[in-house]
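J.: Position one of the sequence shown corresponds to residue -14 (this note's numbering), numbered consecutively onward. Note that beta-carbon positions come from the ideal geometry of N, C-alpha and C, so glycine has one too.
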Amino acid sequence: MWTRRQFLAGTAALTALPLPLPAQAQADSSGRAPVVLEARQRAMSLLPGSTTPIWTYGDGQDWPPVLRTQRGAPFRATLTNRVTEHTAIHWHGIRLPNAMDGVPYMTQPPVEPGQSFAYEFAPPDAGTFFFHPHCNTVEQLGRGLAGVLIVEDAAEERRFLADHVVAIKDWRLKPDGSFDVFSTDKGAARAGTFGTVETVNARPHARLEALAHGWVRLRVLNLDVSRLVVVALDGAEGFVIATDGNPLPPVPLKTWRLGPAMRVDIAFRMPWHSVRLQNVWGSKPELLAEIAFIESALPAIGAMPQLAASGVTEPDFENAERLRFDLTAGHVSPELEAYLRENKLGLDALCLPQRTFWAINGKSWSGQDHQLKPPPLAELKLGRSYIFELFNGTPHPHPIHLHGHTFRVLRSSKDEIVPHLADTVLLAPKERVEIAFTADNPGMWMMHCHIIEHQETGMMGYVTVA
Ligand SMILES: [Cu+2]
């Protein structure tokens, strides 16, 4: 299904794509070799004059690795673990069968060093997705274990002339290029422990190109474990065309907030001068990507390519059940205490029990792993629609991610919301947000903060759908 070159093409390539897709990308993958993903350590230069022993699924030259597949077609990938601890792959945002969701102990056994695990699913939605481990994530993702999964829709008639990945991720490095500690109590109990080296596509910023007058698509992904960015375009009129991979009618882009794990696809027509994608979160804009123009004979007319419609079922708002989830500071829940008592376990049976800083509905589920499973946050009925009312009662923002489902972000107590589909929603301090979805995917689905240290110190739970 994949040629080695396609897999290694990485992020820098200019994909000029009004052309038909290569035959192998359209073919059914059954009978073909699956994508080979080896999680292994490789040397990569992130700081001048030094190398860093990153963990990656790629070849260590380009980061992140980028896979492309077709909507509705079988996608197969074999993970082989060549690192020193167990791992797995969670396919973030993909509405897939529960057994393919990649949560160790919850949906599959952990993949021990030397072992392999075969993933297979047919992605039902086209768009910009990514994949990463769901165990000891602050370290495994911190070391670089992540990749981009682009799902294409063969029904989309016209493609963007330039289609670029812009992957934001910071690295916690010492001056010699080696990794610093991935988590600190100070960070975990507050807004997160931040990287020391900020990168886009593993460079200080991305340098991209596009033909003048052609339509450009930027697939912007926040793959960092902690950092929030607010993206804005300088030099062209941009449009938001997809959120977390899901299309929406183009909305003029002023600024767009991206918490960890969130994605936004931005379209613009390339002018005869360079365009800059910036992070305007701080006091002064920070360059994320510079898009240089290539002279062209393209006409200045022509409409923006349209994305194929989403296949997500609209919730039945009239009959939806409303459930409330409060995000707060944490403690060890009475249930967890009872479990420990019944099983004659000490607090040390919990991973890092002293580091339980966060909770959902008063329940903390902490630890780098999911071995000790509390009761679910909610038991959802298969086929029923739900409105989740999320409230952030803390002084820090939290991007909340629900597995296995794509929800509609309805309203916020703070901001005017552009209604959109998402798998992760960012809540500012004291913000109340409503999301709605149809619980149409059976299984046990994680719901957690994607500031990974918050997840691993308590802001994690799951819902069941049956
Ligand atoms: Cu959080």
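#1: Is the CB-CB distance between residue 199 and residue 261 below 8 Å?
#2: Taking the beta strand (DSSP E) that residue 117 falls in, what are its first and last residues?
#3: Relative to ligand 1, is the shortest distance from any of its heavy atoms to the C-beta of residue 444 smaller than 7 Å?
#4: On a Cα-Cα basis, can you pick out the residue from 328, 111, 145, 24 that is closest to residue 67?
#5: Just tell me which of 159, 33, 215, 137 has its CA closest to the CA of residue 295.
#6: Check residue 154 in the structure and name its three-state DSSP category.
#7: Whose C-alpha, out of 126, 111, 73, is nearest the C-alpha of residue 100?
#8: Could you please give the first and the last residue of the uninterrupted alpha helix (DSSP H) stretch that includes residue 122?
#9: For the segment 136 to 180, list the alpha helix (DSSP H) runs that are entirely contained and at least 4 residues long, ordered along the chain.
#10: Measuring straight from C-alpha to C-alpha, what distance separates residue 399 and residue 159?
#11: Run through the segment 20 to 48 for me and flag every whole beta strand (DSSP E) of 3 or more residues, listed as ranges in chain order.
#12: Alpha carbon to alpha carbon, what distance is there between residue 194 and residue 315?
#13: From residue 374 to residue 256, what does the alpha carbon distance come to, in whole angstroms?
#14: So is the beta-carbon of residue 439 under 7 Å away from any non-hydrogen atom of ligand 1?
#15: With the cut-off set at 8 Å, would you say residue 125 and residue 40 are in Cβ contact?
#16: Helix, strand or coil for residue 77, going by three-state DSSP, please let me know.
#17: How do the segment 344 to 362 and the segment 409 to 418 stand: do at least 3 beta-carbon pairs fall below 8 Å, yes or no?
#18: I'd like the list of long-range same chain contacts for residue 436, defined as Cβ closer than 6 Å, with 5 residues on each side in sequence excluded.
#19: Measure from the alpha carbon of residue 60 to the alpha carbon of each residue in 71, 21, 70, 342, then state which is nearest.
#20: Check this for me: beta carbons of residue 372 and residue 305, under 8 Å apart or not?
#21: Report whether the distance from the Cβ of residue 434 to the nearest heavy atom of ligand 1 is below 7 Å.
#22: Just curious, the alpha helix (DSSP H) that residue 437 is in, first and last residue?
#23: Between the segment 132 to 151 and the segment 107 to 118, can you find at least three pairs of beta-carbon atoms closer than 8 Å?
#24: Exposed or buried, residue 401, counting other C-beta atoms within 10 Å across all chains shown (16 or more means buried)?
#25: Which residues mark the beginning and the end of the beta strand (DSSP E) in which residue 250 is found?
#26: Taking 7 Å as the cut-off, does the CB of residue 386 come closer than this to any heavy atom belonging to ligand 1?
T.: On the basis of the coordinates in this document:
#1: Against a cut-off of 8 Å, the Cβ pair of residue 261 and residue 199 comes out as no contact.
#2: That run of the beta strand (DSSP E) goes 112 to 117.
#3: True, at least one ligand heavy atom lies under 7 Å from that Cβ.
#4: The alpha carbon of residue 67 has as its nearest neighbour, out of 328, 111, 145, 24, the alpha carbon of 24.
#5: Nearest of 159, 33, 215, 137 to residue 295, Cα basis: 137.
#6: Under the three-state reduction of DSSP, residue 154 is assigned to strand.
#7: Looking at the Cα atoms, 73 is the closest of the given residues.
#8: Element bounds for residue 122: 122 to 125.
#9: If we require 4 residues or more, the alpha helix (DSSP H) runs fully inside the segment 136 to 180 come out as 170 to 173.
#10: Approximately 39 Å, taken between the alpha carbons.
#11: You should have 20 to 29, 37 to 41.
#12: If I take the Cα positions, the gap works out to 47 Å.
#13: Cα-Cα distance, rounded: 42 Å.
#14: Placement of the Cβ of residue 439 at a distance of less than 7 Å from at least one heavy atom of ligand 1 is found.
#15: In contact: residue 125 and residue 40 (Cβ atoms closer than 8 Å).
#16: Under the three-state reduction of DSSP output, residue 77 falls in the strand class.
#17: Contact between the segment 344 to 362 and the segment 409 to 418 is absent, with fewer than three C-beta pairs closer than 8 Å.
#18: So the list reads 177, 211, 245, once near-sequence residues are dropped.
#19: When each option's Cα is compared against that of residue 60, the closest is 21.
#20: With respect to residue 305, residue 372 sits close: the two C-beta atoms are nearer than 8 Å.
#21: A heavy atom of ligand 1 is found nearer than 7 Å to the CB of residue 434.
#22: Start and end: 437 to 441.
#23: A contact between stretches requires three or more CB pairs, one per stretch, nearer than 8 Å, and the segment 107 to 118 meets this requirement with the segment 132 to 151.
#24: Per the 10 Å Cβ criterion, exposed.
#25: Run containing residue 250: 248 to 254, per the beta strand (DSSP E) assignment.
#26: Outside the cutoff, so no.
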